[in-house]
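Comments concern the structure below.
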Amino acid sequence: MAQIKTLYSKLNALVPHSSSEEMSSLPDQLDEAIIYIKELQTRVEKLKDKKESLLEPESLNTASPVSRSSKTAILSPEIMIHELGSILDVILIMNNVGCNQLIFNKVVRVLQEEGAEILNANFSVIGDVVFHSIHAEVDKESAGNCKGAAATISKRLKKFLHDS
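Position 114 of the sequence shown, counted from 1, bears residue number 114 in the UniProt record's numbering, the numbering being contiguous throughout.
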């Protein structure tokens with residue numbers, strides 16, 4: 001039974017939660033996880049389709065440079081934040097075009113302003129897409145409640161990306 005509770009806890013930690021501060025019942029948490037997984041599956045399928053359409057040789061050969069660059073410009077920055085205790089994993093996905101370094105720097109600054117210590121940061125470039133991965137630890141003393149700090153960081157980062 002303890003193993004099941006541990007697994008439920010791990011699953012619950014991976015699912016972004018609504019702004020509600022109260023603890024949801026176990027069935028509600030499972031429903032949230034199912035909905036979140038289905039949303040991720042849909043998003044993955046859309047991204048796979050987009051990738052295939054961008055990699056099709058005939059579409060790249062016949063498209064003008066302007067239309068090709070407009071295809072990549074459509075992809076706006078995305079951010080995913082996973083919280084596991086005091087550890088935050090921030091995944092930032094964006095085009096390798098324009099000022100992605102400024103966006104990355106702003107994300108790091110927000111994390112530091114909210115009392116998170118950057119443990120590790122790296123990136124990968126695949127085609128025109130840059131994947132940034134930032135591992136940080138929320139300082140319990142300066143940030144107070146870890147979950148509250150993670151929620152605040154998440155809101156600030158998503159607002160920043162939405163506004164940019």
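Glycine included, C-beta positions come from ideal geometry on N, C-alpha and C.
Judged by DSSP secondary structure, S124 falls within the beta strand (DSSP E) whose first and last residues are 116-126.
Secondary structure note for S53: its alpha helix (DSSP H) is the uninterrupted segment 26-55. With 16 or more other Cβ atoms inside 10 Å of its own Cβ, H132 counts as buried. Secondary structure at D139: coil, using DSSP grouped into helix, strand and coil. DSSP places V15 outside both helix and strand once states are collapsed to three, so it counts as coil.
With fewer than 16 other CB atoms across the displayed protein chains lying within 10 angstroms of its CB, A2 is exposed. By alpha-carbon distance to L40, the top candidate from L157, D139, N122, M80 is M80. With fewer than 16 other Cβ atoms inside 10 Å of its own Cβ, G127 counts as exposed.
Taken through DSSP and simplified to helix, strand or coil, S133 comes out as strand. Per the DSSP secondary-structure output, M80 pairs in a beta bridge with I91.
N100 carries a helical assignment under DSSP once its states are collapsed to helix, strand and coil. Excluding residues up to 5 positions away in sequence, A13 lie with their Cβ nearer than 7 Å to the Cβ of L84 in the same chain. DSSP places S9 in the helix class (H, G or I) of the three-state scheme. The C-beta distance from V107 to I134 rounds to 7 Å, short enough to fall under 8 Å.
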